[in-house]
Each structure stands twice: as structure tokens, then as C-alpha cells.
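Mapping to the working numbering: the sequence shown position 176 is 176, numbers consecutive.
The next block holds one structure in the form of C-alpha cells; read it before the comments.
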Amino acid sequence: MFFYYYSTSTSSTSSTTTATATATLLLLLLLLLLLLLLLLLLLLLLLLLLLLLLLLLLLLLLLLLPLLLLLLLLLLLPLLLLLLLLLLLLPLLLLLLLLLLLLLLLLLLLLLLLLLLLLLLLLLLLLFLLLQLLLLLLLLLLLLRATTTATVTAAAATTTTTATTTTTTTTTTTTTTTTTSTTTTTTNNYYYFYY
């Protein structure tokens, strides 16, 4: 009886320890996932910062190009006037201006494409964060389910141990009453024969 009670108590304690071990493992997994999420977010933020710096540099170039062209024109105005007067290079100048305009348009198109890429990266980042949040919620639900099942099994084990102890106590009391009744009957028969 004592061995059975000891085995049931040890099984209940082992079930509770396994439940706590699984809960701690799940918590460690959640912490690792959160750390990975933070690292990925930092990497994405660094990429976005680099893209923003590139965009700023391109904008500065676009702003400085006309100023540089104006400075060059101002510096080369006398020479250009002389050349115009001498060679009449008006069509060539027009072609140069057209080429400059085309270059500016191409730079603007590149800026627009970079902005679109930034928007796409932000959308992908948001989708990734939503997926990670869903995974975290699923892991939390699994953890709660595991802990509830562990507590239910522990409670069931404790109830079974109490039931076995009560049955063993009732059997011991019945055996003691039967032994006392047999001893009294034997002593009564012996006295009657002697008389």
C-alpha cells in the first residue's frame, strides 16, 4: 500500500515537472523568436536608412546640377558668345540643352523608381511583422493549452491518490474487526469445555 501510494505521488510530481519543463521550453522559444524579430527589424531599418541616404544624395545632385550648369555658363559666356559669333553654333547649343533636359528626366524617373521600391519594402516589412505576430499568438495558444493539460493531469493524479488511500484505510479497518471477532469466539468455547 505504501509503495503504491509512493509510486502514484511520484508519477504526479513527474507529470507536473514535465509540464513545467515544456512551459519553460516554450517560453525560451518565444524569447528567441522575439530576438530574431528584433534583429530583422534592425536590419530592415538599416536598409531603409541607406536607401533614404541614397535618395537624398540624388536629390542633392539634381539640385546642384542646374546650379553648376549656370555657373559654367556664366564663366563661359564670353567664350560662348565668341563662338556663337564666329561659328554660329546655335543648333548645337539647342541639342546640348535637350540632352541636359533628357538627363534630368531620367534622374527624376530613377527617383520615382526608388520611391516605389521603398514603398514596396515598407509593405513587405508590415506583412512580415503581421506574420510574426500571428506565429507568436499561435505559440502562446499552444503554451496555454499545454499548461492547462498539465494542470488537469496533475489534479487527476492527486484525486486518484486520495481515492486509493481511502480504500486502503477501509480495508485495514475491516480486517481488524474480523480478527477480534474470531479471538472472542475461541476463548468462549475453551471455557465451556473446561467447565
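In this text, a Cβ means the ideal position worked out from N, Cα and C, and glycines have one as well.
From a predicted model like this one, the values you see are computed outputs, not experimental measurements.
Can you name, in chain order, every residue of its own chain whose Cβ lies under 7 Å from the Cβ of residue i, other than the five neighbours on each side?
i	result
residue 138	none
residue 75	none
residue 91	none
Mind checking residue i: buried by the 16 CB within 10 Å criterion, or exposed?
i	result
residue 6	At residue 6, the pLDDT of 44 sits below 50, so the modelled position is not reliable; the number obtained from the coordinates is stated separately. Burial call: exposed.
Mind reading off the beta-carbon distance from residue i to residue j? Whole number of angstroms is fine, and I expect it under 8 Å.
i	j	result
residue 143	residue 26	4 Å
residue 30	residue 136	7 Å
residue 37	residue 132	5 Å
residue 118	residue 51	6 Å
Using the three-state DSSP reduction, which class does residue i fall into: helix, strand or coil?
i	result
residue 76	coil
residue 84	helix
Could you name the residues of the same chain whose beta carbon sits closer than 8 Å to that of residue i, not counting the 5 residues immediately before and after it, in chain order?
i	result
residue 122	48
residue 111	55, 58, 59 and 62
residue 40	128
Grab me the residues of residue i's own chain with a C-beta within less than 6 Å of its C-beta, minus the 5 sequence neighbours each way, in chain order.
i	result
residue 107	62
residue 114	55
| message | If we require 3 or more residues per run, which beta strand (DSSP E) segments fall completely within the region 33-62? | response | none
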